[in-house]
Structures are given as C-alpha cells and as structure tokens.
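Reading through the structure tokens given below for one structure.
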Amino acid sequence: MKIVVLVKYVPEPTATWKFAPDLTLDRGAVEGRLSELDEYAVEQAARLQEAGTASEVVFLTVGPAKAVDGLRKALAIGGDSAVHVTDAAMHGSDALATSLVLAKALEKTGFDLVLTGMASTDAEMSVVPSMVADRLGINQATFAGALSVEGGTVSIKRDSEGAVLEVSTALPAIVSITDTNPEARYPAFKAIMASKKKPVTTYSLADLGVDASSVGLAAAAVKVTSVTPTPARTAGTIVPDEGEGGAQLAEFLSSRGFV
Amino acid sequence: MSEVLVLVENTPQGIRKSSLELLTAARRLGSPSAVLCGAADDAAVASLGEYGAATVYVVPGTDGYLSVPAAEAIVDIAGRTNPVAVLVTSGPIGKDVAARVAVRLGAGIVTDATDVRSEGGVVTTSQTVVSGQWVATAQVTSATAVVTVRPNAIAPEAAPATPAVQTVDVAFSAAATGAKITASNPKVSTGRPELTDAAVVVSGGRGVGSEEGFGVIERLADSLGGAVGATRAVTDLHWVSHDLQVGQTGKTVAPSLYVAAGISGAIQHRAGMQSSKTIVAVNKDPKAPIFQVADYGVIGDLHKVLPALIDEIGKRKG
Ligand SMILES: Cc1cc2nc3c(=O)[nH]c(=O)nc-3n(C[C@H](O)[C@H](O)[C@H](O)COP(=O)(O)OP(=O)(O)OC[C@H]3O[C@@H](n4cnc5c(N)ncnc54)[C@H](O)[C@@H]3O)c2cc1C
Ligand SMILES: Cc1cc2nc3c(=O)[nH]c(=O)nc-3n(C[C@H](O)[C@H](O)[C@H](O)COP(=O)(O)OP(=O)(O)OC[C@H]3O[C@@H](n4cnc5c(N)ncnc54)[C@H](O)[C@@H]3O)c2cc1C
Chain A
3 MKIVVLVKYV PEPTATWKFA PDLTLDRGAV EGRLSELDEY AVEQAARLQE
53 AGTASEVVFL TVGPAKAVDG LRKALAIGGD SAVHVTDAAM HGSDALATSL
103 VLAKALEKTG FDLVLTGMAS TDAEMSVVPS MVADRLGINQ ATFAGALSVE
153 GGTVSIKRDS EGAVLEVSTA LPAIVSITDT NPEARYPAFK AIMASKKKPV
203 TTYSLADLGV DASSVGLAAA AVKVTSVTPT PARTAGTIVP DEGEGGAQLA
253 EFLSSRGFV
Chain B
522 MSEVLVLVEN TPQGIRKSSL ELLTAARRLG SPSAVLCGAA DDAAVASLGE
572 YGAATVYVVP GTDGYLSVPA AEAIVDIAGR TNPVAVLVTS GPIGKDVAAR
622 VAVRLGAGIV TDATDVRSEG GVVTTSQTVV SGQWVATAQV TSATAVVTVR
672 PNAIAPEAAP ATPAVQTVDV AFSAAATGAK ITASNPKVST GRPELTDAAV
722 VVSGGRGVGS EEGFGVIERL ADSLGGAVGA TRAVTDLHWV SHDLQVGQTG
772 KTVAPSLYVA AGISGAIQHR AGMQSSKTIV AVNKDPKAPI FQVADYGVIG
822 DLHKVLPALI DEIGKRKG
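Next up, the structure:
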C-alpha cells in the first residue's frame, strides 16, 4: 500500500503575522514550519510503514521554495521521499486552486491512501481533504480520531455530537487525522541525518499540466477586501486573592446579572 | 429573487438553533430554501417556515453516511435553481459538505464566517483569521458563493413564511455511498447544556491539577446553570472527554459568560473563546495571558477561590 501525506508549510503560530499590500499573508516576513496539525498524519504514516501495512510513504507539499524545510522535517520522522510543487503563479491561490494542484500531483505520484491534517494552522479552513477527494473521485473519511487499515479497507473513529462514530471505506481513500491521535515522535539525530539523503522531487505547474491562469490571486473566486486587527478587549479588573477573591468574583458576576 | 440554499439540521429536540441563524443570514442574500436530509416532520417544517424558508427540500436516503450524499443533494438542487449562495454551519459535517459543493459548482468558498451580507449584489463575508487575531472581509466573485457560518455569530430572527415542501430524490454516485457509518457509540449525557449553545461556560485547565480536582469546575458550572469546557491539555490527559475541548481544534464558543480557571490562555485556546461577551479568569500566575482578555480576574489558587465563589452564589440564591 502506498501512502501519500499532504503537508503544509505554515507561518510559526506564535510569531506576529503580517499581511502584504495585496492582503495575502506575508509568508516571507515570518519564520515558517511544518504545520503542527500535519505532524499527526506524518506520524500515522510512519507507524503504518513500521507495521508493514504501508510499503511506501511519500510527503507532498504545495508551497514556496522554503516549504522544502517542512518536507525535510517530515522525512526525519519517516517516509521514503517527497514531492514539492512550487511555482510563482501559485501566489494567492484559494482553496479551489490549491486542491486542484494537489489532486494533479496525486495523479502523478499515485497512491492507495492519502493522509492529511485536520486543518492547516494558518487559514484553518479544513476543506482541502474533501476537495481533493471530490476532484479525484475517491472516498473520504475525515476528522479521524483514530485510524486502522486492513485488507483494502480503512476504518476511522470520528467524534460527533452525542456519539463516537465508526466509519469504514474502501481504498483508494483520503483520511484527515485529528490531534487526538498520537503526537509525532521527536526524530533522533541519526534519522535527521538519514533524511537528508531521501529524494525530494520538485514540480512546476507545467510539469503537472495545470494552466497557470487557473490558479493564483487573479483566479481566486474569493477576494479579500480588508484585513484589520481584531479590536482589543478593554482591559479588565484584575485583583489578587487575599481571602476575599471568591466573594469579589461573586460581586462582579452579580453586577453583570449572572448571579 | 434568487434562491439561497441552506443546509439545515433536524434533531429529536427540533431544528438546530444554528440552522435558524443560517436562515436569518440567507434572507439578506435572497429567498431562503432549506435543504433537510432525512424525514421532515410537521414541527420541523413549521420552524423552518417561522424563520423564513420559502421552500423546504426534503432529501431521503442520506442516513448511514457522513456528508457526501448531502453534498450531492445540494449540487443536484443547485443545478436547477442557480442559487446565489449555499450556507452551511461550520463544523466537521458542514466543512465536508461545503468543500465538495464548492468544487462541483466551481464556487468560491469562505469558512467560519461571522457575518454574511450582500454589498452591491455581491456576497460579502467577515471572518476572524489567524487564531482570531485579525478580521478579514471578503467578496465571493463566483455566481454561487459557498459559506460556512460559525454558530452563535448571527442572532436568529423570525420572519414567518409558509414553505412549499418538495421531496428530492437524488441518484447518489458510488463515491457518495462509499464511506459508511458502521457503528454509533452514544456518549453518556451529563444533563448539562450543550457547550456551543450554552449561555454560560465554565472551563478548567491543567491548573485544576487532577481528574478529581475537575469536580470543582463542574460544581461551579452547575451553580451557574452552565456547560463545562476544558483546554486541550486537560482533554489530552483524559480528565474529561474530548468533546469538551474549547479552542482551535475543539469547539468555538461565544457565551454571555466564560469562566476560565487554571487556564494559561494560549492563542489556540483563546481562538475558541475570545468572542465571549464577559470573560472571567482565575489563575495563580499574574502573568498568565488569559488575564489579557479577562473582564475580571482573580490572581489566586482556584481551589480556594472557586469553592468560596460557589458558597457565595449559593448564599445569594438563598
Ligand atoms: C488568513 C487566510 C485566509 C484565507 N481565506 C481563504 C478563503 O476564505 N477562501 C479560500 O478559498 N482560500 C482562503 N485562503 C487560502 C487557503 O489558505 C489556501 O488555498 C490553502 O491552501 C487551503 O486552505 P487551508 O490552508 O485552510 O487548508 P485546510 O483545508 O485547513 O488543510 C487541511 C489539510 O490539507 C492539506 N493541505 C492544505 N494545504 C496544503 C498545501 N498547500 N500543501 C499540502 N497540503 C496541504 C494539509 O494536510 C492540511 O492539514 C486563505 C489563506 C489565508 C492565509
Ligand atoms: C495546533 C495546536 C492546536 C491546539 N488546539 C488547542 C485547543 O483547541 N484548545 C486548547 O485549549 N489548547 C489547544 N492547544 C494547546 C495550547 O497551545 C496550550 O498548550 C493549552 O491550551 C494549555 O492548556 P492549559 O492552559 O490548561 O495548561 P497550561 O498552559 O499548563 O496552564 C495551566 C495554568 O494553570 C495555572 N495554575 C496552576 N495551578 C493553579 C491553581 N492551583 N490555581 C489557579 N491557577 C493555577 C498556571 O499558572 C497556568 O497558567 C493547541 C496547540 C497546538 C499546537
């Protein structure tokens, strides 16, 4: 079984982000990293390979030149090789365009199972997995809190309101992995060194047969018209507890009508 | 007037509040049509009508599947009605449905909108991005806009109409029925209000100290008639179940009152609670970032402050 894991290179969540004059996120101005939420999918793939369930694991990213650092991090955790789709025309792409390019790249790599994160940690849309599934005409089992693969069938556990669901589907399929799965291992020095020898193939849009005019800011069907900082909350009253903290809190809650 | 397709959710307790919020938003864009998967009882049709649904499309045959049949039903209806927008509630099902519908219709998609309106005939949205630190407004330029709307962001307003009810039989593709729900293991009900709908949420963090220690959070929630929430640190430790997690990868809540006890206030947690109307924090560390968003904060040991608070509330209630 061949697994391809979709991984996104994102700005460091704790950094101060800036927006460029074209209202896209200024990715050059902030330190980047492999999305923390994609590490759960990388770890699952590594485990399936160690268990002998997966014969090959490939990491796939669409992103700027620096995104290769994210692929290297994934390769240090596991897997065999990586694919990096990078093209200046991708700047400002919306989710429709990103999913189109990912689907084209997946057609090129081939796969039995595609694993993804539950959301990116930058745009946090949680739509790319279903979009890619639809474009490839394959089954999906999204928001998997746990995953198992047996004889051409993938089964997941999914948290829903009031119940934990079990969902099964035949391969080929795409599965998004939540952060209730095991955290990614911390790669050993030896694994980091070995990962540097793993091959990374770079594709342009032309290599994938994608027309550059169908992606990028100009093609986006969603135009961002303004981005402003969230208004700060007015500073509150902070008191030390000198034995009266509970009573003071009750007084505050009562003044606001909650008690 | 152009149709707006609204994916609504019916439960044994009736149509969900978030669905009524969508109908309210839909009226700003055109004529709302509800898409209801499963059976349509009279009460469901009546409440959809009360909130302005001109049409209710009833789609049978989606039971036992997660979201793809619902997406195909919407695509089928959209093929005949050319809606100006498709609105769904943010959440795992809503995101799955919206994503597939957007691809099939070639429609621009906005997720987690906190507002939807028409500006010069163009569907325009507001959303908070980057863990709630920025507000972005966007215009959807495709013929149909696909928008997932955050629950509790838009106040539901009634606008009575008498809906025409129409059953839609959709020939689902193999992909739609390819992923089956094989088991549904119900969770034990706590009797407390549902986290995302509650007017009061009391959340505990790692600072609560232990699973047993979490009892004080539950007691305070009960004395305020609220729901219980938690940080990912707490759900990772299995002190409480995962569905109580508030934040980026948990639930987004916006209650009238949010009480955060023993919670540091990491951006990923704040992302899920910072639009609460009143925020109260108890933390022993004066530098905890949660105090930056608190309207009232007590620096101290929550195991002293909260029991005193519960006593005081008890006294005031008499
Ligand atoms: C602040 C902000 C707001 C945005 N708003 C919108 C909007 O309203 N509408 C819109 O259409 N686009 C929007 N975009 C663009 C959008 O982020 C990209 O098109 C993106 O690639 C898809 O969305 P996502 O990052 O939210 O992915 P998600 O759907 O959250 O990603 C889920 C999973 O898909 C995989 N994945 C996603 N992107 C990639 C990638 N580039 N390479 C490899 N794997 C990937 C990962 O496994 C990830 O965990 C926005 C971008 C930003 C930064
Ligand atoms: C991709 C990603 C997604 C995430 N998603 C979420 C999410 O959805 N929700 C979420 O909550 N987190 C999320 N996190 C985790 C988040 O970054 C924090 O680690 C987490 O919120 C911390 O939880 P905490 O505040 O309970 O614990 P800590 O940060 O350990 O804080 C404990 C606090 O308790 C205080 N304290 C200790 N003892 C007492 C006492 N006796 N009385 C009073 N105060 C006391 C301490 O001073 C401290 O401030 C995510 C992280 C990542 C990377």
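For the protein sequence lines, the chains are A and B, in the order given.
To get the working numbering, take the position in the first sequence, counting from 1, and add 2.
To get the working numbering, take the position in the second sequence, counting from 1, and add 521.
Don't be surprised by glycine CBs; every beta carbon is placed ideally from N, CA and C.
{"Item": "Out of curiosity, what's the CA-to-CA distance linking Q142/A and L830/B?", "Value": "48 Å"}
{"Item": "Quick one: does L569/B have its CB under 7 Å from some CB of chain A?", "Value": "no"}
{"Item": "Any C-beta of chain A sitting closer than 7 Å to the C-beta of D806/B?", "Value": "no"}
{"Item": "For F113/A, would you say it is in contact with chain B, using Cβ-to-Cβ distances shorter than 7 Å as the test?", "Value": "no"}
{"Item": "Give, in chain order, every residue of the stretch 97-111 of chain A whose Cβ lies closer than 8 Å to some Cβ of chain B.", "Value": "A97, L98, S101"}
{"Item": "If we define contact as Cβ-Cβ less than 7 Å, is W760/B a contact residue for chain A?", "Value": "no"}
{"Item": "If contacts are defined as beta-carbon pairs under 8 Å, then F735/B and P590/B qualify, I think. What distance do you get, rounded to the angstrom?", "Value": "At roughly 39 Å, the Cβ-Cβ gap does not stay under 8 Å, so F735/B and P590/B are not in contact."}
{"Item": "Residues of chain B with a CB under 8 Å from the CB of S170/A: which are they?", "Value": "A700, K701, T703"}
{"Item": "What would DSSP say about Q660/B, mapped onto helix, strand or coil?", "Value": "strand"}
{"Item": "Comparing alpha-carbon positions, which option in G247/A, P233/A, V224/A, L251/A lies nearest L25/A?", "Value": "V224/A"}
{"Item": "Starting from the C-beta of A564/B, find all residues in its chain whose C-beta is less than 7 Å away, skip the five residues before and the five after it, and write them out in chain order.", "Value": "G535"}
{"Item": "Contact check, G551/B vs S523/B under 8 Å by CB: the rounded distance?", "Value": "4 Å"}
{"Item": "On the three-pair Cβ rule with 8 Å, is the stretch 196-213 of chain A touching the stretch 157-176 of chain A?", "Value": "no"}
{"Item": "Just to confirm, are T646/B and A634/B a CB contact at a threshold of 7 Å?", "Value": "yes"}
{"Item": "In the structure shown, what three-state DSSP assignment does G747/B receive?", "Value": "coil"}
{"Item": "Apply the 10 Å Cβ neighbour rule to D213/A and answer buried if 16 or more other Cβ atoms are within range, or exposed otherwise.", "Value": "exposed"}
{"Item": "Applying a beta-carbon distance threshold of less than 7 Å, which residues of chain B neighbour K225/A?", "Value": "A659, Q660, T662"}
{"Item": "Hey, Y11/A and G65/A are a contact pair by Cβ (cut 8 Å); roughly how many whole angstroms apart?", "Value": "5 Å"}
{"Item": "Kindly list the residues whose CB is nearer than 6 Å to the CB of I194/A, restricted to its own chain and excluding five residues on each side of it in sequence; keep chain order.", "Value": "A78"}
{"Item": "Run the CB neighbour count on H790/B, radius 10 Å, all protein chains shown included, and call it buried at 16 or more, exposed below.", "Value": "buried"}
{"Item": "Suppose only complete runs of 3+ residues qualify. What are the beta strand (DSSP E) ranges in the stretch 217-256 of chain A, listed by chain order?", "Value": "224-231, 239-242"}
{"Item": "Compute the beta-carbon to beta-carbon distance between A43/A and G80/A, rounded to the nearest angstrom, for a pair I have assumed lies under 8 Å.", "Value": "About 11 Å separates the two Cβ atoms, so there is no contact after all."}
{"Item": "So T232/A contacts chain B; which residues on that side make the cut at Cβ distance below 7 Å?", "Value": "T649, G653, Q654, W655, V656"}
{"Item": "Just list the alpha helix (DSSP H) runs in the stretch 40-101 of chain A, keeping only unbroken ones of 4 residues or longer that don't cross its boundaries, in chain order.", "Value": "70-79"}
{"Item": "Taking three-plus beta-carbon pairs below 8 Å as touching, is the stretch 232-242 of chain A in contact with the stretch 806-818 of chain B?", "Value": "yes"}
{"Item": "In the DSSP assignment, find the unbroken beta strand (DSSP E) run with P553/B in it and report its ends.", "Value": "552-558"}
{"Item": "Determine, for K708/B, whether the minimum Cβ-Cβ distance to residues of chain A falls below 7 Å.", "Value": "yes"}
{"Item": "Using the Cα positions of K772/B and T632/B, report the straight-line distance between them to the nearest angstrom.", "Value": "15 Å"}
{"Item": "Any C-beta of chain B within less than 9 Å: which residues of the stretch 39-60 of chain A qualify?", "Value": "L39"}
{"Item": "Starting from the beta carbon of M133/A, find every residue of chain B whose beta carbon is closer than 8 Å, and list them in chain order.", "Value": "A620, R621, A623, V624"}
{"Item": "Comparing the C-beta of S228/A with each C-beta of chain B, is any distance below 7 Å?", "Value": "yes"}
{"Item": "If you measure beta-carbon to beta-carbon, which residues of the stretch 139-155 of chain A are closer than 9 Å to chain B?", "Value": "G139, I140, N141, Q142, A143, T144, F145, G147"}
{"Item": "From which residue to which residue does the alpha helix (DSSP H) around S132/A run?", "Value": "130-138"}
{"Item": "Is the shortest distance between the beta-carbon of D82/A and the beta-carbons of chain B less than 7 Å?", "Value": "no"}
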